[in-house]
Amino acid sequence: MRRRGVERMGRREVLRGAGALGVAALTGCGRGTRGDASSAFSRAGLERLRSAMTSLVARGELPGAVTLLARGDELHVDAVGTHAFGSTTPMRRDTLFRIASMSKPIAGAATLLLVEEGTLRLDEPVDRLLPELANRRVLKRPDGPLDDTEPAKRPILVSDLLTLRLGTGALMAPGDYPIVQAMNAKGVGVGPELPQAPNADAWLAALGSLPLIHQPGEVWMYDTGITVLGALLERASGQPLETFLRERLFAPLGMKDTGFSVPADKLDRLPTTYFRNPETKEFIVFDPPGEDSRFSKAPGFPSAAGGLVSTAEDYLAFARMMLRRGDTPGGRILSERSVARMTTDHVTPEQKARSPFSPGFWDTHGWGYAVSIIKRHEPGDPRGFGWDGGYGTSCYWDPETGLIGVLLTQRTMDSPTAPAAFVDFWRAAYEALTG
């Protein structure tokens, strides 16, 4: 693939797997294409990564996967397995994946573009552009009745959306919550399904009809803030969200396959996505391929929090820009200051103590502007900055080592805890580094 902002690839080497494991493409950029002593990655390490992924496919844990490792001007992309369980269509390096919450850092970068040009301010209330969210009422307690509220102590700020502290989102603690039932009934709940609203106005009206769960700025609550951010970006830019992202990010970065839907001539590259029934352990189709996929048509209200489709190399272009602090060979996209803001932890220790997520999450993570920050890691953990997607995807860029890793699968996560594929991928990725 050729793109501005990403170095041109050198000689290609194609390795063919056996039987149902399909094909794998291992590609080097520049020097060290064979993973030898002059390479950023060891041959043995790359083979261990491939073995880990093929083992997951052989055990029936995944139908297939695409992995990408990049460091400097060296790039390795590997595709194993097939588009669906029982399929003979092999995974390819240009297979399209529903990247879910890997959409969030892109939305964050897009917001900082508008901040840089003065269209938005991080410290301004969203009321000017999102009057549906002005003059908020807040539940007196999260599990209380919807009419037991008090006035918000302050308005929701643009920065609250980026940091997921606007006051509403996923409630991760067990219990019976009328607000969760109301959010689901109005189509603004948090879960694997994307918004079904015909447009941003309708979705915002539904959200604005409900009280906040917490006071703005006080508690980190997953997901909803970035969905709201998508509506804000539309109104601030005066463009449909996809048009804005394409003109300001995707086209400059050469991300030609990234969007909120898949054109008809590319649907053959979109695999089946599955979820696993927690009781029977049976894999069930979450989203089918082809014309039956919900991604075969443009959504009425695209989800900035989780609605993008992309490829490993498209997302690499974005991650490389972030690793280079906003710069690319084709020109600067973001200022260094904006990237520094995005990758600074904005959630205080007191807020983390009140913000449950996956077990131990805040022991190792921080949260910047729409991006996760790894503060402490163990083997099998990513490092640096990035985020995971609930449909089975992961990408982080690591300034300390220069490593960028992308893992794309089509099995939804069973919980916020990293699945085996993520752990195996990141462990093997770091073991493959030569220095």
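Residue numbers (my numbering): 44 to 478. Virtual Cβ for every residue (Gly too), placed ideally from N, Cα, C.
A direct Cα-Cα distance of roughly 29 Å separates V414 from V100. Note that the stretch 134-147 touches the stretch 356-364; at least 3 beta-carbon pairs, one per stretch, sit closer than 8 Å. Within 10 angstroms of the beta-carbon of T286 lie fewer than 16 other beta-carbons, which makes it exposed.
If you draw a straight line from the Cα of T323 to the Cα of D457, it is about 13 Å long. Spanning the alpha carbons of T132 and P306 requires a straight line of approximately 19 Å. In terms of Cβ geometry, G349 and D266 form a close pair [threshold 9 Å].
Judged by beta-carbon spacing, F140 lies within the 9 Å limit of V109, meaning their Cβ atoms are closer than that value. Relative to D467, the option among G445, P459, F428 and E421 whose CA is nearest is E421. If you look at G268, you'll find it in the alpha helix (DSSP H) that goes T267 to S280. If you keep only unbroken alpha helix (DSSP H) runs of at least 4 residues inside the stretch 366-417, you get 379-385, 392-396 and 404-407. Taking the Cα of I327 as reference, the smallest distance to any Cα among G333, D335 and T315 is reached at T315. Ranked by Cα distance from L351, the first of D300, M364 and Q224 is D300. Counting only residues of its own chain and dropping the five nearest sequence neighbours on each side, T192 has a CB closer than 8 Å to the CB of R180, V181, L182, K183 and P254.
Listed in chain order, the non-local C-beta contacts of F329 below 6 Å within the same chain comprise T316, Y317, F318 and T455, local neighbours out to five positions each way being set aside. In this structure, the alpha-carbon of A143 lies about 27 Å from that of P392. For L182, DSSP records a beta bridge to T192. Listed in chain order, the non-local C-beta contacts of P221 below 7 Å within the same chain comprise P188 and L189, local neighbours out to five positions each way being set aside. For V223, the closest of L310, P185 and N242 by C-alpha to C-alpha distance is P185. Counting only runs of 4 or more residues that sit fully inside the stretch 314-355, no alpha helix (DSSP H) segment turns up.
For I222, the enclosing alpha helix (DSSP H) has its first and last residue at P221 to A228. S437 sits in a strand when the DSSP states are folded into three classes. For R278, the CB contacts under 8 Å within the same chain, skipping 5 residues up- and downstream, are L172, L173 and A243 in chain order.
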